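Take a look at the structure set out below.
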Amino acid sequence: MRALILSDIHGNLEALTAVLEAAGSYDELWNLGDLVGYGGAPNQVIETIHPLAALSVRGNHDRVCGGLTSALGFNPAARAAALWTHKELSPANLAWLNAIPQGPLQPALDGVSCVHGSPLDEDQYILSVRDAWAPLQQMTTAITFFGHTHIQGGFAQNGSEWHEVHPRYRSRKDAESWRLELPPGTRHLINPGSVGQPRDYDWRAAFALYDAEARCVTFRRVPYDLTTSQGRILMAGLPERLAARLREGR
Ligand code: ZN
Numbered sequence: 027m028r029a030l031i032l033s034d035i036h037g038n039l040e041a042l043t044a045v046l047e048a049a050g051s052y053d054e055l056w057n058l059g060d061l062v063g064y065g066g067a068p069n070q071v072i073e074t075i076h077p078l079a080a081l082s083v084r085g086n087h088d089r090v091c092g093g094l095t096s097a098l099g100f101n102p103a104a105r106a107a108a109l110w111t112h113k114e115l116s117p118a119n120l121a122w123l124n125a126i127p128q129g130p131l132q133p134a135l136d137g138v139s140c141v142h143g144s145p146l147d148e149d150q151y152i153l154s155v156r157d158a159w160a161p162l163q164q165m166t167t168a169i170t171f172f173g174h175t176h177i178q179g180g181f182a183q184n185g186s187e188w189h190e191v192h193p194r195y196r197s198r199k200d201a202e203s204w205r206l207e208l209p210p211g212t213r214h215l216i217n218p219g220s221v222g223q224p225r226d227y228d229w230r231a232a233f234a235l236y237d238a239e240a241r242c243v244t245f246r247r248v249p250y251d252l253t254t255s256q257g258r259i260l261m262a263g264l265p266e267r268l269a270a271r272l273r274e275g276r
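Laid out in structure tokens, this is it:
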């Protein structure tokens, strides 16, 4: 059983296309939320993911872009993008987006959960061991895949030992992968990173593949057509910062 795990695509069709081309074979696709918001191709991203995803968890941007939650908690750029996305979405795509359930969700595979923010709160950011501590204690499964922070990596616990997981890459240019073993008895919170708006100072689209039999996660980064993606944001009249930050990966 191999799962392709995608999070925080954020309406970036070029990044999603590059990821799907690079992913190779997999049995199931799990979407950890924030399909839309920030990016200029929300309908195309939903129409690509909808038929492929075996599991989808809603994200905070999905909720706001869908009109389920007010945009008042967002910064001005995020709010502008959410309001634009809401108007742009077709009725069918809006209805599908608004029907995506809240996490945690369990795929048809033992010992794994999928969430957007934290297993305890869908909107919580898990950025540090301090943030990860309570979720790692209270998780009902040994492995939880999460997103929301747009930072690839995660946290591991084995008894009283804790550590952060940071994939190590050679460059910020070509496609690369980094493999993490998941030994029995260890609990993991794993973030595949953001497909469409990375914030870990690496502009390349991020994703992960989970191999249940081999007990490992392979973190991946792939370059994509950044110029076209930035052009969509600018042509939509969205804040320039949303285009510029894609190059910076932050
Ligand atoms: Zn996000």
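In short: position in the sequence shown from 1, add 26, done, that's my numbering.
We put the beta carbon where it would ideally sit given N, CA and C, even for glycine.
Bear in mind that the values here come from a model prediction, so they are computed numbers and not experimental data.
- Nearest to Gly85 by C-alpha distance, out of Asp200, Asn124 and Thr43, is Asn124.
- Between the ligand ZN and the CB of Asp34, the shortest heavy atom gap is smaller than 7 Å.
- The Cβ neighbour count for Tyr64, taken over all protein chains shown within 10 Å, is at least 16; the residue is labelled buried.
- When the beta-carbon positions are compared, Leu215 and Ala158 come within less than 8 Å of each other.
- Counting the other CB atoms within 10 Å of its CB gives His87 a total of 16 or more, which places it among the buried residues.
- Between the region 212 to 228 and the region 175 to 195 there are three or more C-beta pairs closer than 8 Å, enough to call the two in contact.
- Counting only unbroken stretches of 4 or more residues, the alpha helix (DSSP H) elements lying wholly within the region 120 to 165 are 155 to 164, in sequence order.
- Excluding residues up to 5 positions away in sequence, Asp60, Gly173, His176 and Ser220 lie with their Cβ nearer than 6 Å to the Cβ of Asp34 in the same chain.
- Taking 8 Å as the cut-off, the Cβ atoms of Ile126 and Val83 count as close.
- In this structure, Gly85 has its beta carbon less than 7 Å from a heavy atom of the ligand ZN.
- Between the beta-carbon of Pro145 and that of Ser139 there is about 6 Å, and that keeps the pair under the 8 Å contact cut.
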